[in-house]
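Residue numbers (this note's numbering): 23 to 284.
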């Protein structure tokens, strides 16, 4: 698909590996923006989304020959809804703020929203300079990440979905103390040991994030650079904000080692 859209065979091969692996690496400093092609960007968006969906779900759809299998998966539905919401907010903000004066705002908004949310990390624009809360919002989406069993990083959509459902259950328990309320994903009840494992993972994740954040701040970096660099490394994202919006070469060596551990 890349080759037919105008890439050389070498560029197409390299970017295909990087896209399907949600790696985000490119042979060019400008990443996908180097090609300045709407077709290439849309192909990249499509395969970033496909690669961020559980490969087990892809196999189930292929085996049963039914696309409706996607819509029966709660994680898939939540993930697609999140991407759509994020893309719409990003595009509208860019258009209202007149950051771009033509359809470029739609192109760049869609691409960067999907690229950051799926933790791919490809780029077509410097999203760190976008107005308002957009850079922060996109980074928060990277914490959610991709679906379980996919090539993407982040905490994973299914864990976030479980945490949200558990939170809702605890609110209902405050209202109805004697009620027995099961946490369900679709029609399946989630055992308590699975819920506990999710909270355990989340707790360790947050603690590691905070410890590494303090370590980065201790090297002399500002708060925006420190937290975005740790978030990017921990979520396998790539791009960051502040001093690491372009590259990580100028940060202290100690900070680089912390990011290696992350």
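Glycine is no exception: its CB is placed at the ideal position from the N, C-alpha and C atoms.
DSSP state of residue i mapped onto helix, strand, coil
i: residue 185; result: helix
i: residue 254; result: helix
i: residue 267; result: coil
i: residue 26; result: coil
i: residue 227; result: helix
i: residue 47; result: coil
i: residue 260; result: coil
i: residue 18; result: Not covered by the structure: residue 18. The range shown for the chain is 23 to 284.
i: residue 244; result: coil
i: residue 154; result: coil
i: residue 52; result: coil
For residue j and residue i, believed in contact at Cβ under 8 Å, the rounded distance
i: residue 27; j: residue 61; result: 4 Å
i: residue 261; j: residue 143; result: 5 Å
i: residue 138; j: residue 164; result: 5 Å
i: residue 172; j: residue 74; result: 5 Å
i: residue 107; j: residue 131; result: 13 Å between Cβ atoms; not a contact.
i: residue 276; j: residue 241; result: 5 Å
i: residue 266; j: residue 251; result: 5 Å
i: residue 243; j: residue 141; result: Residue 243 to residue 141, Cβ: 22 Å. No contact.
i: residue 179; j: residue 166; result: 6 Å
i: residue 202; j: residue 212; result: Not a contact, Cβ separation roughly 14 Å.
i: residue 76; j: residue 170; result: 6 Å
i: residue 235; j: residue 221; result: That belief does not hold up - the Cβ atoms of residue 235 and residue 221 are roughly 21 Å apart, past 8 Å.
i: residue 219; j: residue 256; result: The Cβ separation is near 19 Å, so there is no contact.
i: residue 157; j: residue 121; result: About 12 Å; that fails the 8 Å criterion.
i: residue 207; j: residue 96; result: 5 Å
i: residue 136; j: residue 67; result: 5 Å
Unbroken alpha helix (DSSP H) run spanning residue i, endpoints
i: residue 280; result: 275 to 283
i: residue 34; result: 31 to 42
Chain B within 8 Å of residue i, Cβ atoms only
i: residue 232; result: Note that chain B does not occur in the displayed structure, where there is just one protein chain.
Any non-hydrogen atom of the ligand MN closer than 7 Å to residue i Cβ
i: residue 83; result: In terms of ligand content, the structure shown is empty, and the ligand MN therefore cannot be addressed.
Extract the residue ranges of the alpha helix (DSSP H) inside the segment 160 to 222, only unbroken runs of 4 or more that lie entirely within it. 179 to 197
Quick one: complete beta strand (DSSP E) runs, 3+ long, within the segment 72 to 152? none
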